[in-house]
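Numbering (the working numbering), first residue to last: -19 to 365.
To start, the structure itself, in structure tokens.
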């Protein structure tokens, strides 16, 4: 089957999930940084405002990078380590830069410390939160004692609010990591299903050609031995080897082009497995009996094209494949909920048009229907000999 499981609706869903996680974490981080920024508006001394703005800006830049790294699976470990080092350096520098801002009017560094505690899950494992929170609380208490501001308020802000932010960010990062692992698992399953189908096809080719090639080799060896003593018989053996080679080549061509006997139920099950591995709920209803070889081959071609379209060109959440036979007609219906609204056929519809012409040549018919987000492909072929 011509499936490429690396380009699927599941990939599009993962991109949308990543964008959602990125926006959510960025908004939460920006909101947390808005609270220490209030201190800049309450500080009358210009130099302190400038230094505080520098410290707050450096923290914002590092946290923006941390948010990006947290939701980007393919970032190298060196980039993650650099992000952690930058986080630690900026956190240390923020104390002398932001602590003197709005002393007595606003606990500027306590709020900044809460933001730092909340950002720990973005740059390290969640188990790093308690020691970092303890260190931040200690610094906040020291800053409050030195500047003569209420110690309890600073501790509650930096510790309590910080741990709450860390819990929220940690859950979002954990959930994103789970989505990434699930997506990789689905991709691995889809590739495995495709590999199994290739192995099945390779086994068919081996079974088809193995006997022929063995006999051809024996005939050629016999002809070579007989050539010096019995040229007439050697010629007959050589002619027989040539006939077997031609027969094997013809059968191989029929296999490659799908004209030999096809197990349609088996192929439908394989397509269903690939779709399920790619995150599409798939139901397969196979025919009660065995379809004629020609009808099965025609429907198998439609099945491959329809399955590929569901994977590549739709946003399907479910798909149903149903094959049945009534009187002298075999019918296959492939339905999914991933139809896109379009005023005219797009470039992806050429495959189905080609299949419609192919079915028409054998007296069959291919119909497509789109309604309320549901796309249906229905193929019928005659089964009467």
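Here a beta-carbon is modelled for each residue, glycine too, at the ideal position from N, C-alpha and C.
Since we're looking at a predicted model, the values are computed, not measured.
For residue 115, the enclosing alpha helix (DSSP H) stretches over residues 109 to 127. Taking 9 Å as the cut-off, the Cβ atoms of residue 126 and residue 79 count as close. Here residue 141 has 94 as same chain residues with Cβ atoms under 6 Å from its own Cβ, once five neighbours each way along the sequence are excluded.
Excluding five sequence positions before and after residue 49, the CB atoms of its chain that fall closer than 8 Å to its own CB belong to 55, 59, 60, 63, 102 and 103, given in chain order.
Per DSSP, the beta-bridge partners of residue 346 are 359. The C-beta separation of residue 15 from residue 91 comes to about 4 Å, placing the pair in contact by the 8 Å criterion. In the three-state scheme derived from DSSP, where H, G and I count as helix and E and B as strand, residue 86 is classed as coil.
The alpha carbon of residue 82 has as its nearest neighbour, out of 153, 24, 270 and 53, the alpha carbon of 24. At the C-beta level, residue 305 and residue 269 come within 9 Å of one another.
According to the DSSP secondary-structure assignment, residue 351 is paired through a beta bridge with 354. Here residue 54 carries a coil assignment [DSSP, helix/strand/coil]. The way I'd put it, the region 162 to 177 doesn't touch the region 66 to 74; fewer than three beta-carbon pairs between them come closer than 8 Å. Taking 3 residues as the shortest admissible run, the region 130 to 166 contains no complete beta strand (DSSP E) segment at all. Straight-line measurement puts the Cα of residue 118 at about 23 Å from the Cα of residue 148. Beta bridge pairing from DSSP links residue 304 with 311.
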